[in-house]
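Here is the structure we will look at.
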Amino acid sequence: MTDRFPTASFPATRMRRNRRTDWLRRLVRETQLTADDLIWPIFVVDGENQRLPVESMPGVDRLSCDLIGDAVSEARDLGIPMVAIFPYTEDTLKTPDAREAYNPENLVCNAVRAIKMAVPDIGVMCDVALDPFNSDGHDGLVRDGIILNDETLEVLCKQALVQAEAGCDVIAPSDMMDGRIGAIRTALDGAGMTDTAIMSYAAKYASGFYDPFRDAVGSGGALKGDKKTYQMDPGNTDEAMRETALDIAEGADMVMVKPGLPYLDVLYRVKQAFGMPTFAYNVSGEYAMLRGAGEAGRLDYPNVLMETLSAFKRAGADGVLTYGAVDAAKILKDR
Ligand code: PBG
């Protein structure tokens, strides 16, 4: 510690000397956020010319497939490397077997094709989990109130395959079933899709910060009970290390910690220990807090957004999923 941080005492050392001007602060800054670090999650909805505001997430709309091309093309022009697709699913399509999840013509697959057609040079990531399609609102199949692990894996594999076939570049399992990364990697490889990458939601906590998202995809009303038997307990970090180690061993190309700000310690530890491409998900509730406080005149949203995103970089993230990706990229461009 002392080797690394030799410090002569005041007045020879004056820490404020390096903070004197903007150019000097920029010169000595240790971490930089750029548009390359951003992944933009988008909500899609069926129909034409639909732009439906998500009430719990001011500034966020659900877009129909004919409108996403323009939105994604703006993101690409701002330098954002990847978008993540989340579907708002009609209640009539939700069943206990979640079969809409692996319908090759489902909303997610249609959105992937629309994006790939309109903007071929941006990455597309898709969530693998059954909650948007399951009448119980759970990420896995449910029998007698129990979330079934191994039976769910088969459905997740079918879901990942239709997404990959539609052109999805990065499959992102968010369901927290045991063994899903290995099962999905085997399924993709078996279908010849050896180039399709996997970003695992490796350490995903049972969090209260997902509520606005569940409103956005329309799964909140359906959810019976909570997700504590598969998502992680907020008290644990060693368990996050084991989860991440397993996902890497099963073939994850990139790992993620979720939520973001309340779990910066986990993010830091995961990056330090594994040195994997590591991402943070700055989730819906975190976005809603900043944006909501901004709209109420309590905080300066652009300012706290950039400060928040810098925190992820400082903690070791290679990138951040954030609903503020386009806002942040515009701020970075105007600097
Ligand atoms: C689905 C999923 C969730 C999120 C991403 N994928 C919700 C959940 O697990 O209940 C949350 C994203 C957010 O809150 O922004 N498994």
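If you use the numbering used here, the sequence shown corresponds to residues 805 to 1139, in order.
C-beta atoms are modelled at their ideal positions from N, C-alpha and C, and glycine is treated no differently.
Source: prediction; values computed, not measured.
A distance below 8 angstroms separates the beta carbons of isoleucine 889 and alanine 915. The region 939 to 958 makes no contact with the region 997 to 1008: fewer than 3 CB pairs, one atom from each, lie closer than 8 angstroms.
Of the heavy atoms belonging to ligand 1, at least one sits nearer than 7 angstroms to the Cβ of serine 978.
The criterion of a C-beta distance shorter than 8 angstroms is not satisfied by alanine 918 and alanine 1133.
Taking the Cα of valine 1124 as reference, the smallest distance to any Cα among Pro1106, Arg820, Arg1095, Pro1063 is reached at Pro1063. If you draw a straight line from the Cα of glycine 994 to the Cα of alanine 1115, it comes to about 40 angstroms. For methionine 921, the enclosing alpha helix (DSSP H) starts and ends at 911 to 922. Considering only Cys930, Pro810, Cys913, Glu909, the residue with the shortest C-alpha distance to isoleucine 843 is Cys930.
Shown here, valine 1059 sits in a strand according to DSSP, grouped into three states. In this structure, the C-beta of aspartate 931 approaches ligand 1 to less than 7 angstroms from one of its heavy atoms.
Linking glycine 1101 to alanine 970 through their CA atoms gives a straight-line distance of about 43 angstroms. Taking 8 angstroms as the cut-off, the Cβ atoms of aspartate 1051 and isoleucine 985 count as close.
Setting aside the 5 residues that flank it on each side, methionine 886 is surrounded in the same chain by Ile843, Gly927, Met929, each with a C-beta closer than 6 angstroms to its C-beta; the list follows chain order.
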